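J.: Following this message is one structure expressed as structure tokens.
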């Protein structure tokens, strides 16, 4: 049972580059979310989705786009990376009472 | 808006002893869910325990229990019989109001627990 799979695990980008962080879940959950974790901080919500075709902004959405074309996949796009986006990114798939997290993607923007 | 406050940046406990990690929350919603997650040094987020605001009994999961005091808006995590493997960051989180999906969690800044042999 894979659960929530994030790729890549590590990434270094130059300022201004774009990239997509991939997230896939095999639990048939309707709800998925992206969070970022910065040093000394808890996780902060970037975007979330309550089902295929439905997405909405969280606390810190600027600089990120998402789409949800299938139940399984919820990619996070950085359109023009900035050093302030250096962080660890977590994707979560959830149902009531529990959110299952991926292993995280450590992104560095130089 | 919801807010979680974890006032203990770091805690130390001796192996086999119990430890309480503090969490207070702020929400104007009457219905909400409270979560605790563990993050070991390897980085993954591990779900520990959940408490719904209308649950009449405190939640328990093995060595983990949640001391839920609704009037004080606190949801402290109690770990009994600490083990070396319990050394990790611990995060408290809230979802208010519950949506049926736990997709919008608000996290505290965490408490780093160190278990000494």
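Protein chains in written order, with the working numbering: chain L, 0 to 109; chain Z, 66 to 182.
From the three backbone atoms N, C-alpha and C, an ideal C-beta is built for every residue, glycine too.
None of the values given here were measured: they were computed from a predicted structure.
#1: Taking C-beta pairs closer than 7 Å, name the residues in chain L that residue 119/Z reaches, listed in chain order.
#2: Since residue 157/Z sits in a beta bridge, which residues does DSSP pair it with?
#3: Chain B partners of residue 167/Z, CB-CB under 9 Å?
#4: Name the one or two DSSP bridge partners that residue 55/L has.
#5: Please report the distance separating the alpha-carbon of residue 68/L from that of residue 179/Z.
#6: In chain L, which residues lie less than 9 Å from residue 76/Z when you measure between Cβ atoms?
#7: Check whether the Cβ atoms of residue 174/Z and residue 26/L lie closer than 9 Å to each other.
#8: Would you mind reading off the limits of the beta strand (DSSP E) that contains residue 5/L?
#9: Given residue 73/Z, which residues of its chain have a CB within under 6 Å of its CB, disregarding the five upstream and five downstream residues?
#10: To the nearest angstrom, how far is it from the Cα of residue 18/L to the Cα of residue 95/L?
#11: Using a Cβ cut-off of 9 Å, which residues of the stretch 103-118 of chain Z contact any Cβ in chain L, in chain order?
#12: Is it buried or exposed, residue 3/L, if we count other Cβ atoms within 10 angstroms and call 16 or more buried?
#13: Rank 151/Z, 147/Z, 129/Z, 141/Z by C-alpha distance to the C-alpha of residue 157/Z and give the top, closest one.
#14: Measuring alpha carbon to alpha carbon, tell me which of 92/L, 107/L, 108/L ends up nearest residue 71/L.
#15: Taking residue 85/L as the reference, which of 78/L, 11/L, 65/L, 6/L has the closest Cα?
#16: Under DSSP, the beta strand (DSSP E) around residue 11/L begins and ends at which residues?
#17: Please name the residue, chosen from 155/Z, 152/Z, 131/Z, 144/Z, that lies closest to residue 98/Z on a Cα-to-Cα basis.
#18: Just checking my contact of residue 146/Z with residue 83/Z at CB under 8 Å: how many whole Å lie between their CB atoms?
#19: Applying the criterion that 16 or more other CB atoms from any shown protein chain within 10 Å of the CB defines a buried residue, is residue 160/Z buried or exposed?
#20: With distances taken Cα to Cα, identify the nearest neighbour of residue 90/L among 78/L, 48/L, 108/L.
#21: Is residue 20/L near residue 78/L, with beta carbons less than 9 Å apart?
#22: Step through the CB atoms of chain Z and report whether any lies within less than 9 Å of the CB of residue 42/L.
#23: So, for residue 51/L: in the same chain, excluding its five sequence neighbours on each side, which residues have a beta-carbon less than 7 Å away from its beta-carbon?
T.: Straight from the coordinates:
#1: Here the premise fails: no neighbours, minimum Cβ distance about 13 Å.
#2: By DSSP's assignment, residue 157/Z forms a beta bridge with 101/Z.
#3: This model lacks chain B altogether, as its protein chains are L and Z.
#4: Residue pairing by DSSP puts residue 55/L in a beta bridge opposite 47/L.
#5: Approximately 43 Å between the Cα atoms of the pair.
#6: In chain order: nothing, as chain L lies at least about 16 Å away.
#7: No.
#8: 3-6 is the extent of the beta strand (DSSP E) around residue 5/L.
#9: Same-chain partners within the cutoff: 87, 176.
#10: Roughly 31 Å between the two C-alpha positions.
#11: Only those residues of the stretch 103-118 of chain Z whose C-beta falls short of 9 Å from the nearest C-beta of chain L are listed: 104, 107, 108, 109, 110, 111, 112, 115, 117.
#12: Flag for residue 3/L reads buried.
#13: For residue 157/Z, the nearest C-alpha among the options comes from 141/Z.
#14: Distances from the alpha-carbon of residue 71/L to those of 92/L, 107/L, 108/L put 92/L closest.
#15: The shortest Cα separation from residue 85/L among 78/L, 11/L, 65/L, 6/L belongs to 11/L.
#16: Segment 9-12, the beta strand (DSSP E) holding residue 11/L.
#17: For the residues 155/Z, 152/Z, 131/Z, 144/Z, the minimum Cα distance to residue 98/Z belongs to 131/Z.
#18: That belief holds up - the Cβ atoms of residue 146/Z and residue 83/Z are roughly 7 Å apart, short of 8 Å.
#19: With at least 16 other beta carbons inside 10 angstroms of its own, residue 160/Z counts as buried.
#20: Checked all of 78/L, 48/L, 108/L; the closest Cα to residue 90/L is 48/L.
#21: In this structure, residue 78/L does not lie closer than 9 Å to residue 20/L by Cβ.
#22: Nearest CB-CB separation between residue 42/L and chain Z: below the 9 Å threshold.
#23: Apart from the 5 residues on each side of it in sequence, residue 51/L sits with its Cβ closer than 7 Å to the Cβ of 67, 68, 69, 70 in its chain, given in chain order.
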